[in-house]
Structures are given as structure tokens and as C-alpha cells.
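Peer 1: Residues in the sequence shown are numbered consecutively from 132, following my numbering. Glycine included, every Cβ here is placed at the ideal spot set by N, Cα and C.
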Amino acid sequence: MRWGNAFSFWYQIGAGVRQGGILSPILFAVYMDRLITRLRHLGLGCSLHGEFFSSLFYADDILLMSHTIHAMQIMLHCCDKFADDFDIKINSTKSVATRIGNRHGEKCAALQLAGKDILYVSVLKYLGIHVIAAKSVKFSVEHLRSKFYRMFNCIYVRSKAANSEMITVELLKSYCLPFMLYAVEAVSLSSVNIHTLENCINWAVYRIFGVSDRSNFSL
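Take a look at the structure:
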């Protein structure tokens, strides 16, 4: 097949999809749609206004949600059956579970996937969002705070040579803030979380302008 001055050829793929291929996400979505259909037909998990939300898929990151441990185990068995039918392997060692509700801290039966127990964790990470095991849905921003400090310190050390506070401020806005505010519009942050993020910004600004607190600023 020829396109302009470039040539491309058919190639054999032994397993999975080509890494970095522009069609890979689409092909994977088509492939995994069968699993979503099977999970929906179970009638388990969570739904909102008649819409099925018991599973979230993004590339090879899968999140399952259910209202009971028993229902979750049935959904995991469905995943095992799908893996057998479509000749794929699920990495149970990278799979974890967390509980949200009044009994989140109580010991319960182990969940199994691919013949192995799934580890219960206090913080579940999915697509950069950290969900905490608690009585209600809560999110953690501690990982954002620590990474923000590391990123800002790297920028600050390199920008001091320019001897311009405004350059450092622009670098802060361009690189640090987008990272720290990643996905905040998709979650409900508590007042403690918001205060934590505000302290990060205040600390960075104080350091840029060489002041100790906001009382040194005047409007």
C-alpha cells in the first residue's frame, strides 16, 4: 500500500495490539466490549438513572464496582470466563480491592481472580485518582502534594539563574498547576483537600518572592 512517498506493509501480530499504534485503543475497545456486555447482563453492581456504571474501562485499566462482596465475586468470575473464552490473561497480582461503607474496616471473605486472592488496600489508585477506603466516597490528594513539591523544586532551582520572579511564576502556572489540578473536575474534593492544594500554591508563591506568609503581600 502506498501513500505519497511513504510505504507501509502488512505485518503479523502474535498477541495484543501494536504498542503506540493509533488504532490500538479502538481495537482494544472493540475487543473488550464483549466483557462489558457480559457484565451488564449480570444485572449486578451499580446503576444511575437506569444507566450501567458497574465497570469503567480505559485501555487495560478496568474498575469494577458492586454493592456486595458476593456480587463482586460473581463479576470477577465473569472476567475469568471471558479471559478463557477470548484467550487473554488477567494479571491478578496487579489487581486490588477496596471497600466503601460503614463496614469498610471489617474483615471479610477474600475475593479471587484468576485463582488468586485479591489484596484489600486502604487507597485504590485508578487513572491517577486515589480513592480512600472510608464510610463514604473520599479522595486523597497527598500524592499530588508530594509530586507538586518535587516538580516545583526542580523548576525553581533551574529558574533562579534567570533572576526573574515572573519567569518562575509562568513556569509554575504552565507545568506545576496542570499536574496538581489533574482530574479535580471529575471528583468531589473535601475542604481538607482544597486546603491542602491551596497550601501548595501559597508555599510556592512565598518561596518565589522570598516572603514568609501572605501578610507580606499588599493589594
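From His208, Leu258, Arg281 and Asp218, pick the residue whose C-alpha is nearest to that of Asp192; which is it?
Peer 2: Here residue 192 refers to the residue found at position 61 of the sequence shown. The candidate whose alpha carbon is nearest that of Asp192 is Leu258.
Peer 1: Please identify the residue among Ile249, Asp164 and Gly341 whose C-alpha is closest to the C-alpha of Gln204.
Peer 2: As a working mapping, residue 204 is identified with position 73 in the sequence shown. Among Ile249, Asp164 and Gly341, the Cα nearest to that of Gln204 belongs to Ile249.
Peer 1: Leaving out five residues on either side along the sequence, give the residues of the same chain with a beta carbon under 8 Å from the beta carbon of Arg355.
Peer 2: Any answer about residue 355 is impossible in this case: the structure gives the chain only from 132 up to 350.
Peer 1: Tell me the DSSP secondary structure of Lys225 in three-state form.
Peer 2: What you label residue 225 is simply residue 94 of the sequence shown in a count that begins at 1. Lys225 falls in the helix class under three-state DSSP.
Peer 1: Classify Leu320 as helix, strand or coil using the three-state DSSP reduction.
Peer 2: Here residue 320 corresponds to residue number 189 of the sequence shown, with the count starting at 1. The answer is coil: DSSP assigns Leu320 none of H, G, I, E or B.
Peer 1: At a threshold of 7 Å, does Ser319 count as lining the ligand NAD (C-beta to nearest heavy atom)?
Peer 2: Although the ligand NAD was asked about, the structure shown includes no ligands whatsoever.
Peer 1: In this structure, does DSSP put His274 in helix, strand or coil?
Peer 2: Your numbering for residue 274 matches position 143 in the sequence shown. Here His274 sits in helix by DSSP.
Peer 1: Mind pulling the alpha helix (DSSP H) runs of 4 or more residues that sit fully within the region 172–251?
Peer 2: DSSP runs (the alpha helix (DSSP H)) wholly in the region 172–251: 200–216.
Peer 1: Quick one, which of Leu312, Ser290 and Ile325 has its alpha-carbon nearest Arg338's?
Peer 2: Here residue 338 refers to the residue found at position 207 when the sequence shown is read from its first residue. When only C-alpha atoms are compared, the closest one is Ser290.
Peer 1: Which value, in whole angstroms, describes the spacing of the CA atoms of Tyr313 and Ser253?
Peer 2: Along the sequence shown, one-based indexing puts residue 313 at 182. Along the sequence shown, one-based indexing puts residue 253 at 122. For Tyr313 and Ser253, the distance between alpha carbons rounds to 21 Å.
Peer 1: I'd like the span of the beta strand (DSSP E) that includes Val262, first residue to last.
Peer 2: Position 131 of the sequence shown, counted from the start, is the residue given in the question as residue 262. Here the beta strand (DSSP E) through Val262 covers Ile260 to Ile263.
Peer 1: Could you name the residues of the same chain whose beta carbon sits closer than 7 Å to that of Met163, not counting the 5 residues immediately before and after it, in chain order?
Peer 2: Taking the sequence shown and counting its residues from 1, the one referred to as residue 163 is at position 32. Excluding positions up to five away in sequence, the list reads Phe188.
Peer 1: Could you tell me the distance, in whole angstroms, from the CA atom of Ser186 to the CA atom of Gly174?
Peer 2: Against the sequence shown, residue 186 aligns to sequence position 55. Against the sequence shown, residue 174 aligns to sequence position 43. Looking at the two C-alpha atoms, the distance is approximately 12 Å.
Peer 1: Give the DSSP-derived three-state secondary structure of Lys304 in the structure shown.
Peer 2: Counting from 1 along the sequence shown, the entry for residue 304 is found at position 173. Note: Lys304 maps to helix in three-state DSSP.
Peer 1: Got a sec? Which residues, its chain only, sit under 8 Å from Ser343 by beta carbon, not counting five neighbours each side?
Peer 2: Locating residue 343 in the sequence shown gives position 212, counting from the first residue. Tyr337, listed in sequence order.
Peer 1: Do Thr299 and Tyr287 have their C-beta atoms within less than 8 Å of each other?
Peer 2: Walking along the sequence shown from the start, residue 299 turns up at place 168. Walking along the sequence shown from the start, residue 287 turns up at place 156. Yes.
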